[in-house]
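In this note's numbering, the protein residues as written are 177 to 626. Glycine residues also receive a C-beta, built at the ideal position from the N, C-alpha and C atoms. Notes to accompany the following structure.
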Ligand code: ADP
């Protein structure tokens, strides 16, 4: 292959490879940033829902604590009042009141773990917490309890420990906040072991996307976001990326196949060109030797014609050719190389045989025409289209397959004929009509008398 073609080939190959690498990188980058965006949106949504739940919890606690405060401030305070308070709130399922000295106005009876819990709390809480009416959440068993100091009671500051009811939380808050959520995502509340405590929809065919923490009011629990399996935005991003990748791979494949095909074609073409030029070089070399021997051989034109026809006697007879020969008497002398002219004539006779169909006639005429000697070879064969008549003398030119009907040949015969007569200072012409026949005339100049 020529160096230029190799360069172009390598350039296209490099360009495609660069394109492939760049496209893969940017696709990957797009996928990562799209996934990150989707993830951030999901996290924002979950964080907002968690905050909403937290606010609702704090609001219900505030309300419960408010009504409890009213009861404790009543000068006629009795433990029954707390019982009544409890029946009005479904949000707390246990309540304890205890003063700074450890006296417990409610409930009337305590189990020993409850006593221990209250004693522990009292010692743990700072004086500041009592004085400023502090508030905090603690884990009580597997539930969360609100611990708050109530001022203004006739018994001095009271420590209230209100344990949240799980059903209350579920019914009053989670159902109201989470059930109304639109879209295909599902939000679920997970306990500290990751087990769903509450989910607005079934989580059977859903996959966990992310979880966020609640605030201090719901310690150890988390809010998790689920998406239906295979339908999450992240899956959609991946599917889209895979589709793009597939299209791209196909494209690169097509380019590669195209390159391969072009490479093979160019290689075959250049191989052909090399063979042709080798062949031409050989042919020209062979021609040089006999043409160097051009001499005066006037009297030999008639034996040359007969010798060639003699050489073709067998195929002509076998194929039933009617042969006519006319050589004008007293022809002037011409300069020629007998072997070369024999070769040219043989090519014309060979073609006349090759390109004849039913009408098999061959006529060879040698006569003076002006200041030339003309050797005409005519047949009544398939003939040549006018537009082809110029080109048949070109090297390797052959008329299309259908016209030559698969007859053997290489397209050099007439090129050689032309080469030979031109070397003699002469020319070759053709007259032909398709389906009627052809006449090729070799014209050799008669040298001027000295
Ligand atoms: P080849 O015969 O090997 O194909 P040539 O150079 O001898 O090559 O001829 C070139 C083309 O000219 C041929 O392929 C053929 O189509 C056409 N041709 C040559 N001689 C004749 C003829 N006598 N009759 C019809 N067609 C011819």
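Item to check | Residue of 180, 480 and 328 minimising C-alpha distance to residue 510 | outcome: 480
Checklist entry - Heavy atom of the ligand PLP less than 7 angstroms from the Cβ of residue 586, yes or no? => result The model on display carries the ligand ADP but not the ligand PLP.
Checklist entry - How about residue 613 and residue 559: are their beta carbons less than 8 angstroms apart? => result yes
Item to check | Terminal residues of the beta strand (DSSP E) in which residue 386 lies | outcome: 382-389
Checklist entry - Just how far apart, CA to CA, sit residue 207 and residue 370? => result 30 angstroms
Item to check | DSSP state of residue 600 mapped onto helix, strand, coil | outcome: coil
Next on the checklist: Less than 8 angstroms between the C-beta atoms of residue 377 and residue 353, yes or no?
Outcome noted: no
Checklist entry - Taking the continuous alpha helix (DSSP H) assigned at residue 296, which residues delimit it? => result 288-300
Next on the checklist: Tell me whether residue 502, by its Cβ, gets closer than 7 angstroms to a heavy atom of the ligand ADP.
Outcome noted: no
Checklist entry - What number of angstroms, rounded off, separates the C-alpha of residue 241 from the C-alpha of residue 390? => result 21 angstroms
Item to check | Spatial neighbours of residue 395 in its chain, beta-carbon cut-off 8 angstroms, leaving aside the 5 residues before and after | outcome: 313, 315 and 320
Next on the checklist: Using 8 angstroms for Cβ pairs, my map puts residue 244 next to residue 272. What's the rounded Cβ distance?
Outcome noted: The Cβ separation is near 11 angstroms, so there is no contact.
Checklist entry - Nearest to residue 359 by alpha carbon, out of 209, 402 and 540? => result 402
Item to check | the ligand ADP heavy atom lying under 7 angstroms from the CB of residue 590 | outcome: yes
Checklist entry - Just to check, is the beta-carbon of residue 568 closer than 7 angstroms to a non-hydrogen atom of the ligand ADP? => result yes
Item to check | When 318, 246 and 298 are compared against residue 629, the one with the closest alpha-carbon | outcome: Coverage of the chain is limited to positions 177 through 626, which leaves residue 629 absent and any answer about it impossible.
Next on the checklist: Which residue wins for smallest C-alpha separation from residue 623, given the options 565, 398 and 544?
Outcome noted: 544
Checklist entry - Based on the DSSP secondary-structure assignment, which residues constitute the bridge partners of residue 543? => result 550
Item to check | Simplified DSSP assignment, three categories, for residue 351 | outcome: helix
Item to check | Residue closest to residue 183, alpha-carbon to alpha-carbon, out of 322, 412, 308 and 442 | outcome: 442
Checklist entry - If you compare alpha carbons, which of 607, 593 and 547 is closest to residue 555? => result 607
Checklist entry - What does a CB cutoff of less than 8 angstroms around residue 393 pick up in its chain, not counting 5 residues either side in sequence? => result 230, 233, 234, 237, 313 and 320
Checklist entry - Is any heavy atom of the ligand ADP found at a distance shorter than 7 angstroms from the C-beta of residue 614? => result yes
Checklist entry - Smallest Cα separation from residue 198: which of 249, 216, 250 and 424? => result 424
Next on the checklist: Can you tell me whether residue 372 is helix, strand or coil according to DSSP?
Outcome noted: strand
Checklist entry - Does DSSP put residue 367 in a helix, in a strand, or in coil? => result coil
Item to check | Spatial neighbours of residue 462 in its chain, beta-carbon cut-off 8 angstroms, leaving aside the 5 residues before and after | outcome: Any reading at residue 462 needs caution, since the residue's pLDDT is 49, under 50, leaving its predicted position unreliable; the model's value is listed next. Excluding sequence neighbours, residue 462 sits near nothing in its chain.
Item to check | residue 621 versus 551, 527 and 251, residue with shortest Cα-Cα distance | outcome: 551
Next on the checklist: Counting C-beta neighbours from all protein chains within 10 Å, is the total for residue 329 16 or more, i.e. buried, or is it exposed?
Outcome noted: buried
Checklist entry - Is it true that the CB of residue 435 sits closer than 8 angstroms to the CB of residue 188? => result yes
Next on the checklist: At a threshold of 7 angstroms, does residue 528 count as lining the ligand ADP (C-beta to nearest heavy atom)?
Outcome noted: yes
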